[in-house]
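Asker: According to full-length UniProt numbering, the sequence shown is numbered sequentially starting from 1.
I have a structure here, written as structure tokens, and I will follow up with some questions on it.
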Amino acid sequence: MGKNIKILICAHKDSRLPQHEYFCPIQVGASLTSARFFPVLDNTGDNISDRNPHFCELTAHYWAWKNLKCDIIGLNHYRRFFDFHRPFPAFSPDRSFINIDSFLKETYRFPDLETLLNDYDIILSPKRHYPYNVATQYAIFHLVNDLNLLKEVIQHLTPEYAEAFHTFMYHCNAYSGYNMFITGRKHFDEYSQWLFSVLFELEKRVKLSAYPDQARLFGYLSERLINVYCIRHRLKIKYVPVIMPLEETFQNPSNLLYTLRRLKNDLIYKLTEL
């Protein structure tokens, strides 16, 4: 008998989604609205649905951790999916765009996830490269004080992660984003236990009312923390590109331009590290 596999698709609004037996669409922030568009809601059982404005898709992650029984679990978004269909040569873009009508005409297929996760510990999106370290990238786009408080929490609450956090934040210039993953139950439970213990402690130290433009800070920070977890436990990672179905049609970046941009960013970063 095969393993029980569930891949959550998080959505805060009614959405057209691909069909597959593994997919489990879940409405996030369900406790904050009377609208209902999916049968699975993040406000049932043990949940943090009312914190969705600050925790984003993590309310679905938490719900799955506490309420979903399965052997392999993953997290996608209504407009971001792992693209197992197309080849992923070295230096190809980490994401691509597709018109949603074209996307839904295709039959979404998964590889043999059970076999794949015998060879790898986790599936993540490809890393995006920057000309500066991850901490600087966060400070440019978000609030650096959040990152400093997170560092303090990790040092105090889970000091065994402090070295991995420092290495990733200050000595890496690339990370896997989107809070997307597929992994086995063991790593999912361990990561969830660490992630939410850290974020709930951080929640006590920040003034959320002061964050009109950066309200989703826990979602932003967790995009970095999954990388820290992988470094700390030396996980073997399978990188799979992301496909983004949109109502409109976008021109996808060429492999050449993406490669040149990535090489430029890596070169600038290495020169600044000298």
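Using N, Cα and C, we set each Cβ at its ideal position, and we do this for glycine too.
Quick one: what does DSSP say F23 is sitting in, helix, strand or coil?
Answerer: strand
Asker: Assuming Y62 is part of the alpha helix (DSSP H), what are its boundary residues?
Answerer: Looking at the DSSP string, the run of the alpha helix (DSSP H) that includes Y62 is L58 to N67.
Asker: Can we say the stretch 132-140 touches the stretch 164-184, given the rule of at least three CB pairs closer than 8 angstroms?
Answerer: Contact between the stretch 132-140 and the stretch 164-184 is present, because at least three Cβ pairs lie under 8 angstroms.
Asker: Could you check where the beta strand (DSSP E) with R36 kicks off and where it finishes?
Answerer: Membership of R36 in any beta strand (DSSP E) is not indicated, and neither H nor E is assigned to it by DSSP.
Asker: Can you confirm whether S254, when its beta carbon is compared against all beta carbons of chain D, has any partner nearer than 7 angstroms?
Answerer: Among the protein chains of the structure shown there is no chain D, as only one such chain exists.
Asker: Taking the alpha carbon of K204 as the reference point, which residue from L68, P39, H54 and I268 has its own alpha carbon closest?
Answerer: H54
Asker: Of all the alpha helix (DSSP H) runs that stay within the bounds of the stretch 202-237, which reach a length of 4 or more residues?
Answerer: 217-232
Asker: Could you give the DSSP three-state label for K127: helix, strand or coil?
Answerer: coil
Asker: If you check the beta carbons only, do N179 and E223 fall under 7 angstroms apart?
Answerer: yes
Asker: F168 lies in the beta strand (DSSP E); which residues open and close that run?
Answerer: Boundaries for F168: no beta strand (DSSP E) harbours it, while the alpha helix (DSSP H) harbouring it runs A162 to H171, taken from the DSSP string.
Asker: Around the C-beta of T183, are 16 or more other C-beta atoms found within 10 angstroms, so that it is buried, or is it exposed?
Answerer: buried
Asker: Which class does T107 belong to by DSSP, given the choice of helix, strand or coil?
Answerer: coil
Asker: Output the distance between the C-alpha atoms of F165 and F23, rounded to the nearest integer angstrom.
Answerer: 32 angstroms
Asker: Just to confirm my understanding: we take N43, look at its own chain, exclude 5 residues before and 5 after, and list those with CB closer than 7 angstroms. What are they?
Answerer: A30, S31 and S49
Asker: Less than 8 angstroms between the CB atoms is what I'm expecting for N227 and S96, so what's the real figure, rounded?
Answerer: Actually they are not in contact, since the Cβ atoms of N227 and S96 sit about 22 angstroms apart, beyond 8 angstroms.
Asker: From the DSSP output, in three-state form, read off V153 for me.
Answerer: In the structure shown, the three-state DSSP call for V153 is helix.
Asker: What's the gap between the Cα of L124 and the Cα of N76?
Answerer: 11 angstroms
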